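Take a look at the structure set out below.
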Amino acid sequence: MLGVNMLAHTPEALKEVMDTHDLNWRNFADDGSIAKRWNSPATPSFYIIDDQGFIRHKWIGHPGEKTIEAAVEKLLRQVKPGK
Amino acid sequence: MPSLRAPEYTDIMKTLLALFLFFLFSLKAAASSEEQPTPAEQYRQHRNDYNIVSREITRSKTVEDRKAVARRFDEFAKKFLDIADKHPQDPIALSAIRSAVQAIVSTDSRAQNIAEFHPGTMVAGSSDGSAQRVVKLVLRDHLKSDKLAPICDRMRFSFRPEFEPLLVAAIKENPHRDVHGLAQLALAQLLHNQLRLMDLASDRPELAKRYGTIYGRGYIDRLGRIGRDQLVKRMETAYEAAVKFDDVTNIPFKTSVAEKAKSELYELRHLSKGKLAPEIQGQDQDGRQFKLTDYRGKVVLMYFWQEH
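Protein chains in written order, with the numbering used here: chain A, 58 to 140; chain B, 1115 to 1422.
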């Protein structure tokens, strides 16, 4: 999982937020340009990108853990071996 | 003891009577003006009450509470429209219509929220008649008004096709550029919102019926009869027309209509299923530079979040 925090604009600010909440996934520190490019998604929003770079799922709002897990599982089974 | 001579007695009585009558008339005049507040005063009173109810909803803890509050928003739409209907020449009429649209949108979005996240609960949206009444009043009294922009702007957040004729008419006949720009953007976003519900209902068929109770029976079916491709085409055309208005700003957020339209078009064309994800580059929480494409060959879950 890769994250984009919509409020922390620098690596320092981002690290502080992550330490406060004990979070451990990798995030982009966004100075606003990422959010702008992705049309300021409402939070939380999720995109699943497959192994070839294509968007395969998109949710504005939380669709539930099971939905996300099922979608990721399905795509993992399709990843070409040896990559 | 000398008795009061008749003329003096009469004078005093007359004066007292005159004073008494004057007092009565003053009371009545005061009472009359209290009974008939000006349209602006009526509007302010309703607006005040509306804001109080809005605050209440953030405090309501149960779904039943929220539903009760949502029903009250609906009553406000009617009250605002009554003012605009009776006093079309009064400048407050446009504010009243704008508040009615806001109340309709609030009722609908609360109902939609409940429909999507609380499957066991019955929901009702804004009364069918209110949206049509908004359109009727604007077409009748305010179509060429230079103050129509805030009303069009509010419709950006609606899902009701009833508002489309108003926006189309404003685009065609209103001579003011800001109205034209905002109506164009609002039309695009209104169509976009309908498309979102259509897609949600195709993922979750049980939602189709619920959207029907909010927006009118057969809401999703009607969209289906128009066809997704047609809807997409109309929406894209409207966004593309909105892109011309870089000199008109969105009302709450102060970005230009053009910017918002471009952003939406970009999302439609590049950030949807099947599209190649755009590159992202930046630093992570440890200051290390990295890119989305570094993860090519892996399945990536992108999560846009903010802490609460």
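Idealized CB from N, CA, C, for every residue including glycine.
Here the structure is a predicted model, which means the values were calculated and not measured.
- With its beta carbon less than 8 Å from one in chain B, H78/A belongs to the interface.
- Interface annotation for the region 64-95 of chain A against chain B: L64, P68, L71, K72, V74, M75, H78, R83, N84, F85, A86, D87, I91, R94, W95, criterion Cβ-Cβ distance under 7 Å.
- For a Cβ distance threshold of 8 Å, residue set G110, F111, I112 of chain A lies close to L1390/B, ordered along the chain.
- Taking the beta carbon of G60/A as reference, the chain B residues within 8 Å of it are M1416, Y1417, F1418, W1419, listed in sequence order.
- At a cut-off of 8 Å between beta-carbon atoms, R1410/B makes contact with chain A.
- Taking the beta carbon of K115/A as reference, the chain B residues within 9 Å of it are L1385, S1386, K1387, listed in sequence order.
- Spanning the alpha carbons of V1249/B and E1276/B requires a straight line of approximately 8 Å.
- The Cβ neighbour count for G1234/B, taken over all protein chains shown within 10 Å, is under 16; the residue is labelled exposed.
- Apart from sequence neighbours up to five positions away, the residues of its chain that approach A1217/B with a beta-carbon distance below 6 Å are F1187, F1190, A1191, ordered along the chain.
- The criterion of a C-beta distance shorter than 8 Å is satisfied by F1194/B and I1211/B.
- In the DSSP assignment, H114/A falls outside any alpha helix (DSSP H) and within the unbroken beta strand (DSSP E) covering 112-117.
- Under the Cβ criterion of 8 Å, T1407/B is counted among the residues facing chain A.
- Separation of M1312/B and P1279/B (C-alpha to C-alpha, rounded to the nearest whole angstrom) is 20 Å.
- Chain order gives the chain A residues near E1381/B as W95, N96, where near means a beta carbon separation below 8 Å.
- Interface flag for I1328/B against chain A is unset, since no Cβ pair is found closer than 8 Å.
- Beta-bridge partners assigned by DSSP to S1370/B: T1363/B.
- Look at N62/A here: in three-state DSSP terms it is strand.
- Ranked by Cα distance from S1386/B, the options G110/A, K72/A, E130/A are led by G110/A.
- The C-alpha of L1345/B lies about 9 Å from the C-alpha of Q1308/B.
- With a cut-off of 8 Å on Cβ pairs, the region 1294-1303 of chain B is in contact with the region 1342-1358 of chain B, counting three or more such pairs.
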